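Numbering (our numbering), first residue to last: 2 to 210.
Built from N, CA and C at the ideal position, the CB exists for glycine as well.
In this text, all values refer to a predicted model and were calculated from it rather than measured experimentally.
Notes to accompany the following structure.
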């Protein structure tokens, strides 16, 4: 994962996690791995994952776009192509990437294209940016599994929840090019602002990989 250290300095980023005190920037302790997910507005997903056992640290940022060093204002104007994402640094001896994928699929709606619930724009698209070919393969396989589960739920007359209106998964899955840390005030936002905005909601369909 490439990181522009000059950008970090310009953003005046606090390098330590507001909740657990661990470093949000590399180098990380030996044995840690990284995952990068887009699940709509990045505040809610970051809180979800920092509360997950086995996660060492989290940070929010931008990925999947076409410009260097994007700002929040530029991303929100939909001119950079970036997605709002959460960087998850996890201890693979406690939690594996497959479990993180389960949490990813179950915790947002991956079928909504360039939006997530009431938040509309390409920056809110569902995305998995893999840090290795192994992660890429696992992500692609997990999409196929979850699509079958969504299809099954939609066709089950006994199921009444949101799955009835779900279509095909639109999640973008590709290798990570660059991750850019978001501005400091976005980091661990819902810990700093407990009553802050969070629209994250899953489909109600479980995903066991």
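Open item on the list: Let's see if you can read the secondary structure: which residues bound the alpha helix (DSSP H) around residue 105?
Closed with: Walking along the chain shown from the start, residue 105 turns up at place 104. Unbroken alpha helix (DSSP H) run through residue 105: 98 to 107.
Using DSSP with H/G/I as helix, E/B as strand and the rest coil, what is residue 168? Taking the chain shown and counting its residues from 1, one reaches residue 168 at position 167. Coil at residue 168, not helix or strand.
Cα-Cα separation, residue 38 to residue 126:
Numbered from 1 along the chain shown, position 37 holds the residue referred to as residue 38. Numbered from 1 along the chain shown, position 125 holds the residue referred to as residue 126. Their Cα atoms are separated by approximately 10 Å.
_Alpha-carbon spacing of residue 164 relative to residue 172, whole angstroms_ = Taking the chain shown and counting its residues from 1, one reaches residue 164 at position 163. Taking the chain shown and counting its residues from 1, one reaches residue 172 at position 171. With a pLDDT of 48 at residue 164, under the threshold of 50, the predicted position of this residue should be treated as unreliable, and no value is reported.
- prompt: Going by alpha carbons, who is nearest to residue 180 out of 53, 101, 130 and 105?
  reply: Numbered from its first residue, the chain shown carries residue 180 at position 179. Of the listed residues, the one whose Cα sits closest to residue 180 is 130.
TODO: Just confirm the distance between the C-beta atoms of residue 271 and residue 197, as a whole number of angstroms; I'd bet it's less than 8 Å.
DONE: Absent from the structure is residue 271, since the part of the chain shown begins at 2 and ends at 210.
- [ ] Return the chain-ordered list of same chain residues with a C-beta closer than 6 Å to the C-beta of residue 15, the five sequence neighbours on each side being excluded.
- [x] In the chain shown, the residue the question calls residue 15 occupies position 14. The residues are 185.
>> Looking only at its chain, what residues have a beta carbon closer than 7 Å to the beta carbon of residue 54, apart from the 5 residues adjacent to it on each side?
In response: In the chain shown, counting from the first residue as 1, residue 54 sits at position 53. Around residue 54: 95 and 96.
message: My parser needs the alpha helix (DSSP H) runs of 4 or more residues fully inside the region 30 to 55; what are they?
response: 44 to 51
Next item on the list: Starting from the C-beta of residue 27, find all residues in its chain whose C-beta is less than 6 Å away, skip the five residues before and the five after it, and write them out in chain order.
Entry: Translated into the one-based positions of the chain shown, residue 27 becomes position 26. Contacts found: none.
Would you report the Cα separation of residue 207 and residue 107, rounded to the nearest angstrom? In the chain shown, counting from the first residue as 1, residue 207 sits at position 206. In the chain shown, counting from the first residue as 1, residue 107 sits at position 106. Cα to Cα, residue 207 sits roughly 6 Å from residue 107.
Please report the distance separating the alpha-carbon of residue 32 from that of residue 91. Translated into positions along the chain shown, residue 32 becomes position 31. Translated into positions along the chain shown, residue 91 becomes position 90. For residue 32 and residue 91, the distance between alpha carbons rounds to 9 Å.
Beta-carbon proximity of residue 86 to residue 188, cut-off 8 Å:
Counting from one through the chain shown, the residue named residue 86 turns up at place 85. Counting from one through the chain shown, the residue named residue 188 turns up at place 187. Going by C-beta atoms, residue 86 is not nearer than 8 Å to residue 188.
| Cross-strand partners of residue 129 (DSSP beta bridge) | As a first step, residue 129 is located in the chain shown; it is residue number 128 there, counting from the start. DSSP lists 38 and 174 as partners of residue 129.
Review point. Residue 202 to residue 30, Cα distance in whole Å?
Key: In the chain shown, the residue the question calls residue 202 occupies position 201. In the chain shown, the residue the question calls residue 30 occupies position 29. Approximately 32 Å, taken between the alpha carbons.
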